[in-house]
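K.L.:
Each residue of the sequence shown is one higher than the one before, starting from 4 at the first, in this note's numbering.
Backbone N, C-alpha and C fix where the C-beta goes; we use that ideal spot for every residue, glycine too.
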Amino acid sequence: MRFDIITLFPELFAPFLASGVTRRAYTSGQVDVRLWNPRDYADGNYRRVDDRPFGGGPGMVMLAEPLARCLSAIRSERAEPTVSQAPLVLFSPIGRPLNHAAVERWSASAGAVLLCGRYEGIDQRFIDTHVDVQISLGDFVLSGGEIAAMALLDAVARLQPGVLNDEGSHQLDSFNPALDGLLDCPHYTRPEEWAGQQVPAALMSGHHAQIERWRRDQRLAITAQHRPDLIESARRAGRLAAADEAVLAKLG
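1. Quick one: grab the DSSP three-state call for E196.
2. When the Cα atoms are used, what is the spatial distance from Q127 to G32?
3. Can you give me the C-alpha to C-alpha distance between T132 and S139, rounded to a whole angstrom?
4. Using only alpha-carbon positions, find the residue among V34, E215, Y191 and V159 that is nearest to R108.
5. Could you check whether V34 and L3 sit closer than 8 Å to each other, using their CB atoms as the reference points?
6. Distance, Cα to Cα, S177 vs W39?
7. For F94, which residues in the same chain have their Cβ closer than 6 Å to its Cβ, ignoring the five residues on either side in sequence?
8. Would you mind giving the Cβ-Cβ distance between R81 and A89, rounded to the nearest angstrom? I have them listed as a contact below 8 Å.
9. Ends of the beta strand (DSSP E) at Q137?
10. Skipping 5 residues on each side, what residues in its chain have a beta carbon closer than 8 Å to that of I214?
11. For M65, list the residues DSSP reports as bridge partners.
12. Determine, using beta carbons only, whether T25 and V166 come nearer to each other than 8 Å.
13. I need the DSSP call for A244, collapsed to helix, strand or coil.
14. Does the distance from the C-beta atom of V92 to that of V116 stay below 8 Å?
15. Does D7 come out as helix, strand or coil in the three-state DSSP assignment?
16. Can you tell me where the alpha helix (DSSP H) holding L206 begins and where it ends?
17. What residues are listed by DSSP as bridge partners for L91?
18. So for L38, helix, strand or coil by DSSP?
19. On the DSSP bridge assignment, give the partners of G255 in chain order.
20. Using CA coordinates, which residue listed in D183, P203, G184 and A252 is at the minimum distance from T192?
21. Using the Cα positions of S79 and R5, report the straight-line distance between them to the nearest angstrom.
22. Would E123 pass as a contact of P56 if the rule is Cβ separation under 8 Å?
23. How about I8 and P41: do their beta carbons lie closer than 8 Å?
Encoded structure:
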């Protein structure tokens with residue numbers, strides 16, 4: 004898959020693409036990332052990409068024309084049929100929140116063009132003309148879309164075959180359907196005792212069924228405490244067994 008990133012700060016991506024386990028996806032070409040600076044498509048000696056907003060107010064607004072030229076260059080290089088061209092994604096507060104289901108869809112796609120806004124925003128005419136999808140990371144505002152783009156890339160890259168050391172590792176992630184959409188359980192490693200705290204006895208038992216029941220119970224308890232909405236979603240989908248409901252009943 005290929006992701007083209009439109010950003011005024013391409014240098015922010017260099018350490019991200021070369022670090023951590025997900026770098027395997029980028030170095031192998033499984034996730035092809037290409038960076039585009041709209042300043043390269045701006046006019047004048049100063050390569051201006053923003054201007055004051057009509058109607059007054061603080062901040063600056065990104066100009067439509069440099070973005071349109073940049074996007075045109077991307078479309079030309081991708082050489083995709085118009086009917087199946089990669090969607091242009093804008094990271095924006097009005098977008099749908101990014102979740103596990105959306106990440107899975109993107110991880111199985113051919114990629115996208117990711118637009119990282121800056122300043123007070125982007126000229127709405129460019130958005131109306133070219134943007135296909137808007138995505139939000141949550142109810143807060145970032146100084147630019149670069150961090151959001153990295154979040155999507157990282158989430159997608161780790162789902163690609165061979166990227167994680169254990170092929171089944173992501174199946175145990177929070178929100179994964181393999182866990183019925185629940186939050187993950189706590190994890191422990193050596194030593195068996197640390198700061199007076201013991202590893203839970205079930206994990207030391209060597210009894211596979213007992214270990215799995217403990218982990219399931221912990222997932223239910225943690226999800227009920229922190230994200231009861233996920234419990235209700237699992238219940239409506241028929242994913243909770245009688246034993247699960249008995250655990251939840253004891254939690255009150």
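P.N.:
Based on what the coordinates show:
1. strand
2. 34 Å
3. 20 Å
4. V159
5. The structure shown does not extend to residue 3, since the chain spans only 4 to 255, so no value can be given for it.
6. 33 Å
7. If we look at F94 and ignore the five residues flanking it on each side, its Cβ neighbours are I138, G148 and A151.
8. 6 Å
9. V136 to S139
10. A205, L206 and S208
11. D53 and I125
12. yes
13. coil
14. yes
15. strand
16. It spans A204 to M207 - the alpha helix (DSSP H) in which L206 sits, taken as one unbroken run.
17. In DSSP, L91 forms a bridge with V116.
18. strand
19. For G255, which the question treats as bridged, DSSP gives no partner whatsoever.
20. P203
21. 14 Å
22. yes
23. At the C-beta level, I8 and P41 stay beyond 8 Å of one another.
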